[in-house]
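Note sheet for the following structure.
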Amino acid sequence: MEARDDVFHHSFCSLRTQEVVTERDWTLDGRLSRLGELQDRLSDQPYSIILRLELAKAYKALGYPDLAAGDAYKALLLVDEVADEGEFYEEALSAARLDMISERADGVDTANIEARDAVDWAKSVCSEEAYRILIECLIEIGCLRSAHNYNTHALATFPANTQFKSHHKALESKVQSHFEAKGESFDLTDIENYPDKGMVRRELYSWNDHEPNRFSPETIKILNDEMTKAAPKLEVKVTNLPVLASWAKSSGDPEMETTPTHQVKQLGIFAKEDILPGELCLQEKSVLTAISRLHEFYCDACSAKFEEGAAVLQCDDCNEVFFCGEECLKLAQSSYHPVLCGVSFEKKSPASEAPDVLYALLLIRAMALAEVQGVHPLDLKEVRYIWGDYHGLNLTSSWRTDSQGRLEDAFGSVPRTLPFSFNLTILNPLNILLKMDVNIFEQSHRYDTWVVNTLYAKFRGTASAQQGLDGRPEIGAVHPLWCLANHSCDPNVIWEWQGNIKFWAREKLIEWKGRQPKLPDHEPGLLAGQELLSHYCDVRLPVQERREWAAGALGGECVCPRCVWEAAEERGLP
Ligand SMILES: C[S@@+](CC[C@H](N)C(=O)[O-])C[C@H]1O[C@@H](n2cnc3c(N)ncnc32)[C@H](O)[C@@H]1O
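Positions in the sequence shown are counted from 1; adding 908 to them yields the numbering used here.
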């Protein structure tokens, strides 16, 4: 999308929608209900630039600059549609005429607004406002390279705009502080090296009505119907897990380090019957997979690595994806491939971004699954019930404004743990959707930025990845049953992922000196009722390294009995 350098002759009044703070706008509930009203209007006015701008402001006022950036960017896309006579020109132009009327108080009707007027209005007033919001939000998140690029466009188009001039200075000083803080030398003209990632709120959005009650009997039944097919001797149950302290030993008190204070309700996998040592107890196949490179060596559907000399099938239309057999080929054609057939997308990335790219590929697969099956991506069976690791805080107390109703920080003081990049959360998904022939304006309810964030939150909490020989992730997958297993550094199963993912009861338990001989976990195999415990890290490592490795997936420091005992032993405690 390119902004134009035209000079505008018409002088339009600024938008009426601009920041008019009312009593209602001060409260969280007031802002949420305002947002809800705007979201409800989207199905009737998907092409309205003003509605996108209002949505962006409503998200911003709630402390979601990431979601605001998504709608501000869509507003810019709509301006382009009107200005460049794009694919949605007719729809966007007629919406712009209506928008213009709603912004003017002189009672003109659409018939009296020339197309040229609407185009000029969109290109001037709307475009300037959309740039303003987008750039401010990107700066707040820390996507400084994207902010810089948009600010450069904005300054070229609106050279007199003082806000864009001051953003330019602010951006340079932020980039400077970024590199100085890291003790690195930098060159302000080297835009490609500007930081372009930040953290945003990882949240179960209050308007997300796709998230099930994961603990309800209905959910547990649905999960167990699936579990029975993959693992006849296992079942899903609600369990309590310790809330884990962050990896940093903030208290400095070694006694405190391993003492979880609270428990949290979560799901886990349990044996329904005794399972013998060495017995295969779960076998699960998923097509929510991603291959980031060497795709000719992996099955596009299940991600199994091809055996040397094995017969491999391919899609006869695009000849670009390969399958381990007829079953996977059919599964791909019936569940996701038709909308991706022939669609090319960039998979190359710097090593530091390789894991993020793998999540982005999972996102693309989820969008394709949703399109082919005609369901909302958050309702996919591979996605709906999985753990999102949302912050779980009550916004009534954690979301904060000052006495003037201004957010204490751009995120309303709510913690941020979800990585965000403009490219992977907004730009790339929208580009792929367009290539998939999805109408990104009419389908906002399915593919809005909050949906993308929710999918990423779920994938980051549950996806597994396999690395290539150089240590870079090569394939990723979400197995919705397998990922319900909790972690222990003294696991009772081993797992293997080669297309299908499998759990076997361990034949030999890990040897560690503190094991309690009388507990059921003393012997290999699982007794009926015992929790299946997987492992998220290499359990052969010493305690500190295990804890560091598992901390990301666990959300804190592991306090399994083995870790607690070994950490105490290291500190010389009895
Ligand atoms: C892949 S999920 C496991 C299934 C999850 N319990 C659920 O309800 O779907 C990983 C999350 O489970 C929790 N978890 C797993 N093992 C744990 C453990 N040993 N102690 C505390 N929390 C654990 C953590 O919150 C972690 O982020």
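Glycine included, every Cβ here is placed at the ideal spot set by N, Cα and C.
Does ligand 1 have a heavy atom nearer than 7 Å to the CB of CYS1045? No, the Cβ of CYS1045 stays beyond 7 Å of every heavy atom of ligand 1.
Hey, how far is the Cα of LEU1152 from the Cα of VAL990? Approximately 52 Å, taken between the alpha carbons.
Assuming PHE1328 is part of the beta strand (DSSP E), what are its boundary residues? 1326–1328 is the span of the beta strand (DSSP E), which, as asked, contains PHE1328.
When every heavy atom of ligand 2 is checked, does at least one fall within less than 7 Å of the C-beta of CYS1471? Questions concerning ligand 2 fall outside what the structure shown contains, since the ligands it does hold are ligand 1.
For SER1372, the first and last residue of its enclosing beta strand (DSSP E): Bounds of the beta strand (DSSP E) holding SER1372 are 1372–1375.
If you count every other CB in all the chains shown that lies within 10 Å of the CB of VAL1447, and 16 or more means buried, which is it? Buried, because 16 or more other Cβ atoms sit within 10 Å of the Cβ of VAL1447.
At which residues does the alpha helix (DSSP H) containing ASN1059 begin and terminate? 1052–1065 is the extent of the alpha helix (DSSP H) around ASN1059.
Pairs of beta-carbons, one from the stretch 1119–1138 and one from the stretch 1288–1304, closer than 8 Å: are there three or more? Yes, since at least three Cβ pairs between the stretch 1119–1138 and the stretch 1288–1304 fall closer than 8 Å, the two stretches touch.
Just verifying my parser: in three-state terms, what is the DSSP assignment at MET1344? Here MET1344 sits in coil by DSSP.
For ARG942 and LEU963, I'd like the C-alpha separation in whole angstroms. When rounded, the distance between both Cα atoms is 9 Å.
Taking Cβ positions only, does ALA977 come closer than 8 Å to chain B? Any reference to chain B falls outside this structure, which holds one protein chain only.
Given a threshold of 16 other Cβ atoms within 10 Å of its Cβ, counted over all protein chains shown, does SER1211 qualify as buried or as exposed? Taking all protein chains shown into account, SER1211 has 16 or more neighbouring C-beta atoms within 10 Å of its C-beta and is therefore buried.
At 4 residues or longer, and completely inside the stretch 920–1002: list those alpha helix (DSSP H) runs for me, N to C. Taken in chain order, the unbroken stretches of alpha helix (DSSP H) that lie wholly in the stretch 920–1002 and span 4 residues or more are 931–934, 936–949, 957–969 and 973–992.
Continuous beta strand (DSSP E) stretch holding TRP1029: start and end: Per DSSP, TRP1029 lies in no beta strand (DSSP E) segment; the continuous alpha helix (DSSP H) that holds it begins and ends at 1023–1029.
Taking 7 Å as the cut-off, is the CB of CYS1391 close to at least one heavy atom of ligand 1? Yes, since a heavy atom of ligand 1 falls inside the 7 Å radius drawn around the Cβ of CYS1391.
Exposed or buried, which one is GLY1282 when buried takes at least 16 other CB atoms within 10 Å? With fewer than 16 other Cβ atoms within 10 Å, it is exposed.
For TRP1155 and GLU1100, what's the separation of their Cα atoms in angstroms? Any reading at TRP1155 must be qualified, since the residue scores a pLDDT of 44, below 50, and its modelled position is unreliable; the value itself is stated next. Here the alpha carbon of TRP1155 sits roughly 32 Å from the alpha carbon of GLU1100.
Residues bridged to PHE1178 [DSSP beta-bridge criterion]: Residue pairing by DSSP puts PHE1178 in a beta bridge opposite GLU1143 and GLU1439.
Assign ASP1398 to one of two classes, buried (16 or more other C-beta atoms within 10 Å of its C-beta) or exposed (fewer than that). Buried, because 16 or more other Cβ atoms sit within 10 Å of the Cβ of ASP1398.
Measuring only from the beta carbon, is TRP1295 closer than 7 Å to any heavy atom that is part of ligand 1? Within the cutoff, so yes.
According to DSSP, is TRP1307 part of a helix, a strand, or is it coil? Of the three classes helix, strand and coil, the one that applies to TRP1307 here is coil, per DSSP.
Below 8 Å, how does it come out for the stretch 1032–1043 and the stretch 975–990: are there three or more Cβ pairs, yes or no? Three or more Cβ pairs closer than 8 Å define a contact, and the stretch 1032–1043 meets that threshold against the stretch 975–990.
Tell me, which residues are paired with ASP1104 by DSSP? DSSP output for ASP1104 lists CYS1051 as bridge partner(s).
What residues in its chain sit with their C-beta under 8 Å from that of VAL1027, if we drop five residues either side in the sequence? By the criterion of a C-beta distance shorter than 8 Å, VAL1027 is surrounded in its chain by VAL990, ALA991, LEU1001 and ALA1004, once the five residues flanking it on both sides are discounted.
Hey, would you say PRO1185 sits closer than 8 Å to ARG1414, going by beta carbons? With a cutoff of 8 Å on beta-carbon distance, PRO1185 and ARG1414 are scored as near each other.
With a 10 Å radius around its C-beta and 16 neighbouring C-beta atoms as the bar for buried, classify THR935 as buried or exposed. With fewer than 16 Cβ atoms within 10 Å of its Cβ, THR935 is classed as exposed.
To the nearest angstrom, report how far apart LEU1131 and GLU1143 are at their CA atoms. Distance between the alpha carbons of LEU1131 and GLU1143 is about 8 Å.
What residues are listed by DSSP as bridge partners for ALA1209? Bridge partners of ALA1209: none, in fact.
I'd like the list of long-range same chain contacts for HIS1075, defined as Cβ closer than 6 Å, with 5 residues on each side in sequence excluded. The beta carbon of HIS1075 sits closer than 6 Å to the beta carbons of ILE1043 and ASN1059 from its chain, once the five residues preceding and following it are set aside; these are given in chain order.
Determine the DSSP secondary structure at CYS1397, reduced to helix, strand or coil. In the structure shown, CYS1397 falls within a coil segment according to DSSP collapsed to helix, strand and coil.
Taking the alpha-carbon positions, what's the TYR1267 to ARG1024 distance? Spanning the two alpha carbons is a distance of roughly 43 Å.
Burial state of ARG1053 (16 or more Cβ within 10 Å): Classification of ARG1053: buried, given that the 10 Å Cβ count is 16 or more.
Please report how far the alpha carbon of SER1305 lies from the alpha carbon of LEU1188, in whole angstroms. If I take the Cα positions, the gap works out to 47 Å.
Chain-order list of residues whose beta-carbon lies under 7 Å from that of VAL1451 (same chain, five-residue window excluded): Result list for VAL1451: CYS1471, GLU1474, ALA1475 and GLU1478, in chain order.
Can you check whether the CB of ASP974 is closer than 8 Å to the CB of THR1362? With a cutoff of 8 Å on beta-carbon distance, THR1362 and ASP974 are scored as not near each other.
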